[in-house]
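One structure is given here, and the rest of the page talks about it.
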Amino acid sequence: MTAEKGNEPRLDVLLKEHAITCSQIHEMVNYSDKMVSISLAGIGLAFTYGVKESSAVAIVALPFIALGLLAYFCSVFYSIAVLGGYRKCLEEEINKFTGLPALCWEKVTTKLLHNSIPAIGIVVVLGLLYLSLCAVAWGNVSTTAGEQVTRMIKLAYVGGGLFLSAASLSLRTAHQRSYEPTFPKWPAA
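The sequence shown: position 19 = 19 (my numbering), numbered continuously.
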């Protein structure tokens with residue numbers, strides 16, 4: 001490596017931090033993939049049970065189940081985006097030390113992935129899933145509860161939609177907001 005003399009310890013720290021950050025991102029992605037599969041299967045089973053057994057309570061509960069899962073996924077994806085911004089900063093700092101464009105994954109994915117049509121499409125599909133479940137449940141609410149409870153449940157559906165809208169807007173900018181292109185200067189050795 002062509003690291004400046006006396007800065008090798010800092011480069012070692014940056015490389016270790018980069019490896020840890022990459023590992024955290026991979027773990028979160030792998031775990032969220034499994035959770036998506038399990039969650040969609042669970043929603044499908046609850047929906048099937050609600051329709052088959054004519055259980056209005058199961059149908060009314062579906063949007064809340066979906067909202068909890070979507071909030072969890074927003075949290076995970078937000079964390080991944082923040083770690084990605086930090087990783088980009090680490091990559092740029094490592095590249096400065098080596099004098100080579102050795103690490104550029106986040107530079108590439110920022111342009112190709114974070115605000116791409118597939119990334120935005122996932123958010124849109126999840127939002128449509130929530131809205132669809134709310135639409136199905138909306139008519140069943142009044143058959144399961146009194147007037148006051150019905151209003152509260154419908155208000156909760158609307159609140160959930162507003163929450164998901166705010167979370168999706170926050171997700172779109174999380175990567176860029178977490179990216180801070182300056183590290184403190186280390187004293188010369």
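Note that CB positions come from ideal geometry on N, CA and C, so glycine has one too.
| Does DSSP put CYS74 in a helix, in a strand, or in coil? | Helix, per DSSP.
| request: Using a threshold of 8 Å, state whether the C-beta atoms of VAL257 and SER178 are closer than that. | output: As shown, the chain starts at 1 and ends at 189. That puts residue 257 outside it, with no answer to give.
| 8 Å contact criterion, which LEU90 and GLU147 should meet: CB distance rounded | In fact, because the Cβ distance is near 56 Å, the residues do not count as touching under 8 Å.
| Given 8 Å, three or more beta-carbon pairs between the region 58–75 and the region 89–109 | With a cut-off of 8 Å, the region 89–109 and the region 58–75 do not count as touching, because too few Cβ pairs lie within range.
| Can you name, in chain order, every residue of its own chain whose Cβ lies under 7 Å from the Cβ of LEU70, other than the five neighbours on each side? | Take LEU70, set aside five residues on each side of it, and the residues of its chain with a beta-carbon closer than 7 Å to its own are LEU126, TYR130, LEU164, in chain order.
| message | Contact defined as beta carbons within less than 8 Å: I believe GLY202 pairs with ILE25. What is the distance between those atoms, to the nearest angstrom? | response | The question about residue 202 has no answer here: the residues shown for the chain are numbered 1 through 189.
| task | Label ILE80 either buried or exposed according to how many other C-beta atoms from any shown protein chain fall within 10 Å of its C-beta, with 16 as the threshold for buried. | result | Under this definition ILE80 is a buried residue.
| Where are the alpha helix (DSSP H) runs, 4 residues long or more, that stay fully inside the region 38–102, in chain order? | Those alpha helix (DSSP H) runs which fall completely within the region 38–102 and span 4+ residues are 56–98.
| message | Quick check on this structure: which residue in VAL141, VAL158, SER37 has the alpha carbon closest to the alpha carbon of LEU67? | response | The candidate whose alpha carbon is nearest that of LEU67 is VAL158.
| request: Leaving aside the five residues before and after ALA174 along the sequence, list all residues of the same chain whose C-beta is less than 6 Å from its C-beta, in chain order. | output: Within the same chain, Cβ atoms closer than 6 Å to the Cβ of ALA174 are found at TYR78, ALA81, VAL82, the five residues on either side in sequence being excluded.
| With 16 as the cutoff for other CB atoms within 10 Å, does ALA189 come out buried or exposed? | The pLDDT assigned to ALA189 is 46, lower than 50, so where the model puts this residue is not dependable, and the model offers no usable value.
| query | Considering only residues of the same chain and omitting the five flanking positions on each side of MET1, which have a CB-CB separation below 6 Å? | reply | Because the pLDDT at MET1 is just 48, under 50, the model does not fix this residue reliably, and the value given afterwards should be weighed accordingly. Closer than 6 Å at the Cβ level, and outside the excluded window around MET1, lie THR98.
| request: For ARG151, count neighbouring Cβ atoms within 10 angstroms of its own Cβ and tell me buried if that reaches 16, exposed if not. | output: Flag for ARG151 reads exposed.
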